[in-house]
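This report concerns only the one structure given below.
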Amino acid sequence: MSVVDPRITAAKRNLEKFSLVIPVFSPKGGVGKTFITALMAYSLTLDNEFTISLLDADFTNPSLHIVLGLDESNLKIEEEMGIKPIRVAPEIELMTLAAFVKDLTVPLRGNDIVNVVRELLAITRWSGKIMLIDSPPGFSDTHLEFLRLLIEVKEPKVLLVSTPTTLALKATERITKTLLSENIKILGLIGNMCLSNDDEGSIVQKAQQLTIPYLGCIPYISNAEKFYGTSMLELVKKIGTPLISITKIIKEAIE
Ligand SMILES: Nc1ncnc2c1ncn2[C@@H]1O[C@H](COP(=O)(O)OP(=O)(O)O)[C@@H](O)[C@H]1O
Ligand SMILES: [Mg+2]
1 MSVVDPRITA
11 AKRNLEKFSL
21 VIPVFSPKGG
31 VGKTFITALM
41 AYSLTLDNEF
51 TISLLDADFT
61 NPSLHIVLGL
71 DESNLKIEEE
81 MGIKPIRVAP
91 EIELMTLAAF
101 VKDLTVPLRG
111 NDIVNVVREL
121 LAITRWSGKI
131 MLIDSPPGFS
141 DTHLEFLRLL
151 IEVKEPKVLL
161 VSTPTTLALK
171 ATERITKTLL
181 SENIKILGLI
191 GNMCLSNDDE
201 GSIVQKAQQL
211 TIPYLGCIPY
221 ISNAEKFYGT
231 SMLELVKKIG
241 TPLISITKII
251 KEAIE
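In terms of the working numbering, the sequence shown opens at residue 1 and continues consecutively.
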């Protein structure tokens, strides 16, 4: 007997309100998914045109709030016909499991992960136009549940992040082939921690080989942690061109 989960209907209704939903993926850890998600949020809100909703989907090791300058003690959840996302900046809101579990690691498997995805999407009262989903490394339960829900209501447009290393590029190649074989749209590939023209060249070459759009390369930033928090805004301005063009491409993808 199949049981209808009412959270799926609520989750889909909430997702439908977004003009664009972008899962940020790389099967490899440490390539900068979280850092780039935070940079994009600040970059997309530079013109104060709309709100960006961030969802930290790295449930066992949430870290987006840390890059955004919040610690567990100031992640306060307010309930009002559901739960309100945490206001990070005037136009940036965040939902993270860290607000509920503080600094504990919650061991989750299979069905537990599916439940967290459905619950967070069903009960959060978002107000943004674009949702960025910061994902864990790998390509398993979390990614699959988000994609499953999204495909039915709001075509997801995946942003891939890779460093110029052989292993990160291999991970990019693998996930790209899987996504394309499932007809999931890829917005493009962002290179991160690029130190030279050769580094950028290898990202460009990989995008060409995989026939996906190359969006730009974010340089390696020494003392990146110094920019965590509201200084991300300063970093966005300092990085300039590559971020400006990535932001433009994302805005063009709004339906
Ligand atoms: N462009 C960059 N230059 C320097 N350090 C970076 C850059 N991007 C990310 N980092 C740092 O690299 C580490 C891994 O980044 P993170 O965003 O956590 O990766 P992921 O989410 O893919 O696991 C963090 O310490 C982050 O501050
Ligand atoms: Mg991360």
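A virtual CB, placed ideally from N, CA and C, is assigned to each residue, including glycine.
Every value quoted in this text rests on a predicted model; they were computed, and no experiment measured them.
Does DSSP classify residue i as helix, strand or coil?
i, result
"V31", "coil"
"A224", "helix"
"I92", "strand"
"S245", "helix"
"L235", "helix"
"S73", "helix"
"L68", "coil"
"L104", "coil"
Leaving aside the five residues before and after residue i along the sequence, list all residues of the same chain whose C-beta is less than 7 Å from its C-beta, in chain order.
i, result
"I36", "V24, V161, I190, N192, I218"
"V204", "Y214"
"G82", "I123, T124, R125"
"L169", "S162, S202, K206"
Could you spell out the range, first to last residue, of the beta strand (DSSP E) harbouring residue i?
i, result
"F25", "20-25"
"K157", "157-162"
"S135", "Run containing S135: none; DSSP gives neither H nor E here."
"L189", "185-194"
"L15", "L15 -> not in any beta strand (DSSP E); alpha helix (DSSP H) instead, spanning 6-16."
By Cβ distance below 6 Å, which residues in the same chain neighbour residue i in space, the five residues on each side in sequence not counted?
i, result
"E255", "S19"
"L55", "M95, I133"
In the DSSP assignment, find the unbroken alpha helix (DSSP H) run with residue i in it and report its ends.
i, result
"S202", "197-209"
"I151", "141-153"
"G294", "Outside the modelled stretch of the chain, which goes from 1 to 255, sits residue 294, for which no answer is possible."
"V127", "The sequence shown places Ser at residue 127, rather than the Val named in the question. Counting along the chain, S127 falls outside any alpha helix (DSSP H), and DSSP gives it neither H nor E."
Exercise for the section: Determine, using beta-carbon pairs with one atom in the stretch 118-131 and one in the stretch 89-97, whether at least three such pairs fall under 8 Å. Expected result: yes
Problem - the stretch 105-120 in contact with the stretch 28-42 per 3-pair CB rule at 8 Å - result: no
Handout entry: Any 3 or more C-beta pairs closer than 8 Å across the stretch 147-154 and the stretch 40-47
Key = no
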